[in-house]
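In what follows, a single structure is set out as structure tokens and then discussed.
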Amino acid sequence: MSSMAKIFVVVNLILAVAVFGAAAALLGAQDDYKKALERATKDFDSYRIEKEGDITRLRKDAADQTLKASEALAAKNSAESTLEGVRRESANLKSMNEQLNSSVETLSKEVSSMRDIIEADRASREKLSAEAKAAASDKMNFQKKWEEEARARASADSTIADLNDTIQSLTAEKGDMEKDLRNTKFWVDKYRERYGDMVGGQGSGGRVMSVRGNLVVISVGSKDKVAIGDVYSIRRGSTFVGQMKVTKVYADQAVGEFDDRFTGPGAAPQAGDTAEPSSVR
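In this note's numbering, the protein residues as written are -14 to 266.
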């Protein structure tokens, strides 16, 4: 029941009570009927005025309550709209969170891949560093070898100068040299017979690079199929000098021992002499 209906019910009850009271007073005191009626009418008017004021206040309160209810309804609708917006925003945030998690997972995989690449790069750098150190060591070794070869060449040049002096001295003793040459030819034949069963060189021919004592360095090595134990004949032009047996082999050089007990007419090997592999007999 609404507030207005309640108000009207209360008013009707009051009016009814007033009427019944007036009737009782009329029956109980007919003499005072007019006075009582006037008082009742006056009281009723006062009461009516008072109740009309109450009704006016109640209507005003009802209107205020209706306005508040309308405002509350509008606030409810606004709250529901806001809640719906919050729900949509929450759904969007959830979707964005899922996308972010997916992106984070992808990024984690990419970071892991980058770490693998960095680790491989570090290993490659370490390998290159080790190879660089090895190359530097090889360079130092080659430089030392080059210096040794330079000293050997200097010694060979000195030896060649000494040999030139010796040749000039031998030229002055031509008569004795002819006798020595005949004797040398005899020993050369013996030397060839002695080395006849040895395996000849299988590599390419080259030239004498330097001579130190009975050690002869030739310009061919393992890349030219020269092997330890190969025998090479040394000639100066068409003149037979002698033979050497390879004792050490490098990539592009070989070292052999020259047997100075059996030399040909060329006397001793010199830089520039040819070195050809002897044939197998």
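From the three backbone atoms N, C-alpha and C, an ideal C-beta is built for every residue, glycine too.
{"Item": "S195: buried (16+ other C-beta within 10 angstroms of its C-beta) or exposed?", "Value": "buried"}
{"Item": "Note down, in chain order, each residue of its chain lying with its Cβ closer than 7 Å to the Cβ of V(-6), except the 5 sequence neighbours on either side.", "Value": "none"}
{"Item": "To the nearest angstrom, how far is it from the Cα of S87 to the Cα of E95?", "Value": "12 Å"}
{"Item": "Tell me which residue opens and which closes the beta strand (DSSP E) that I203 is part of.", "Value": "L200 to I203"}
{"Item": "If we call anything under 8 Å between Cβ atoms a contact, is K230 one with V240?", "Value": "no"}
{"Item": "With H, G and I counted as helix, E and B as strand and the rest as coil, what does DSSP make of R227?", "Value": "Note that residue 227 corresponds to Gly in the displayed sequence, not to Arg. Looking at G227 - three-state DSSP - the assignment turns out to be strand."}
{"Item": "Step through the CB atoms of chain B and report whether any lies within less than 8 Å of the CB of D17.", "Value": "Absent from the structure: chain B. Only one protein chain is present."}
{"Item": "I need the straight-line Cα distance from M(-11) to R73, nearest angstrom please.", "Value": "43 Å"}
{"Item": "Do you know offhand how far M81's Cα is from E116's?", "Value": "51 Å"}
{"Item": "According to the neighbour-count rule (16 or more other Cβ atoms, all chains shown, within 10 Å of its Cβ), is I213 buried or exposed?", "Value": "exposed"}
{"Item": "Give the secondary structure of E158 by DSSP, where H, G and I count as helix, E and B as strand, and everything else as coil.", "Value": "coil"}
{"Item": "Would you say D245 and A253 are within 8 Å of each other, going by their C-beta atoms?", "Value": "yes"}
{"Item": "So is Q238 buried or exposed if we call it buried at 16+ other beta carbons inside 10 Å?", "Value": "buried"}
{"Item": "In chain order, what residues of the same chain have a beta carbon less than 6 Å from the beta carbon of L85, not counting five sequence neighbours either side?", "Value": "none"}
{"Item": "Buried or exposed, going by whether 16 or more other CB atoms sit within 10 Å of the CB of A59?", "Value": "exposed"}
{"Item": "From the DSSP output, in three-state form, read off R210 for me.", "Value": "Reading the sequence as shown, one finds Lys at residue 210 and not Arg. Coil."}
{"Item": "Using the Cα positions of A9 and A57, report the straight-line distance between them to the nearest angstrom.", "Value": "50 Å"}
{"Item": "Which whole-angstrom value describes the C-beta separation of V211 and G190, a residue pair presumed to lie in contact below a C-beta threshold of 8 Å?", "Value": "That pair is no contact at about 10 Å."}
{"Item": "Among V193, V201 and D209, whose alpha-carbon lies nearest the alpha-carbon of R221?", "Value": "V193"}
{"Item": "Between the C-alpha atoms of K45 and R33, what's the straight-line distance to the nearest angstrom?", "Value": "18 Å"}
{"Item": "Go to S195, then tell me how far its beta strand (DSSP E) extends in each direction, as first and last residue.", "Value": "G191 to R197"}
{"Item": "For A236, count neighbouring Cβ atoms within 10 angstroms of its own Cβ and tell me buried if that reaches 16, exposed if not.", "Value": "exposed"}
{"Item": "Nearest by alpha-carbon distance to A3: which of D17, D147 and A21 is it?", "Value": "A21"}
{"Item": "Roughly how many angstroms separate the alpha carbons of D161 and V201, rounded to a whole number?", "Value": "28 Å"}
{"Item": "Tell me whether Y32 sits in a helix, a strand or coil according to DSSP, three-state version.", "Value": "helix"}
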